[in-house]
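Count the sequence shown with my numbering and you get residues 267 to 420, in order.
Beta carbons are placed, not taken as given, at the ideal position from N, Cα and C, and that holds for glycine.
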Amino acid sequence: MTALNVIRVLGPLALALSSMALQAAPGDKTMRVYSTRMETLFIRLDVNGDGRLDASEVQGRRALSRVLKRQNNRSYLLLKDLRFQDSSPSGPRLKRHFRQADRDRNHRLNRQEAKRIPWISRNFNALDGDRDGSVTLEELWNHQRSLAPPQRLP
Numbered sequence: 267m268t269a270l271n272v273i274r275v276l277g278p279l280a281l282a283l284s285s286m287a288l289q290a291a292p293g294d295k296t297m298r299v300y301s302t303r304m305e306t307l308f309i310r311l312d313v314n315g316d317g318r319l320d321a322s323e324v325q326g327r328r329a330l331s332r333v334l335k336r337q338n339n340r341s342y343l344l345l346k347d348l349r350f351q352d353s354s355p356s357g358p359r360l361k362r363h364f365r366q367a368d369r370d371r372n373h374r375l376n377r378q379e380a381k382r383i384p385w386i387s388r389n390f391n392a393l394d395g396d397r398d399g400s401v402t403l404e405e406l407w408n409h410q411r412s413l414a415p416p417q418r419l420p
């Protein structure tokens, strides 16, 4: 039995266990939820069950189509391509850049500080969820989580 088939069979159990794991590590909760949702989506979209998503399987999913286009010399996505990785924008690298940009050390970036991270500066209004004129790491993670496709109930 392949790993993907095991995930298909044990999917509901794995989701239940992952929710328990989320309670154990609240700091990583947002990214674990995101990863779980992306894995569930991958399994649902992998119609032919080959462990890969090709262009026909991601058709109509803009975010996944963009990820597919970024694959060098590959015309398909693997599950590992959708999982949270440390180099992703919400990982340690973002935290480091955020701390460097936060000149007054108040754990918030105002518009002036946000200029040090161009993509935050360009999207400042969309990222400022509570409209207080500043962006926090939590708002960045909430924004990324909102980009993940919603889960369908069985």
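DSSP, reduced to helix, strand and coil, places LEU307 within a helical segment of the structure shown.
Under the three-state reduction of DSSP output, LEU360 falls in the helix class. Three or more Cβ pairs closer than 8 Å define a contact, and the segment 312-332 falls short of that threshold against the segment 365-372. Around the beta carbon of VAL313, fewer than 16 other beta carbons lie within 10 angstroms, which makes this residue exposed.
Considering only GLY315, LYS361, ILE309 and GLU379, the residue with the shortest C-alpha distance to LEU406 is LYS361.
With the rule of 3 Cβ pairs closer than 8 Å, the segment 334-349 does not count as touching the segment 375-392.
As computed with DSSP, ASP320 is found in a beta bridge with TYR342. Assignment of beta-bridge partners to VAL401 by DSSP yields LEU375. For LYS335, the uninterrupted alpha helix (DSSP H) run begins and ends at 328-335, by DSSP.
Closest in alpha carbon position to LEU413, among ALA392, ARG397 and VAL401, is ALA392.
A straight-line Cα-Cα distance of about 13 Å links GLN410 and VAL401. When the Cα atoms are used, ASN372 and LEU403 turn out to be separated by approximately 11 Å.
Setting aside the 5 residues that flank it on each side, GLU323 is surrounded in the same chain by LEU311, ASP312 and VAL313, each with a C-beta closer than 7 Å to its C-beta; the list follows chain order.
In the three-state reduction of the DSSP assignment, ASN408 falls in the helix class, which pools H, G and I.
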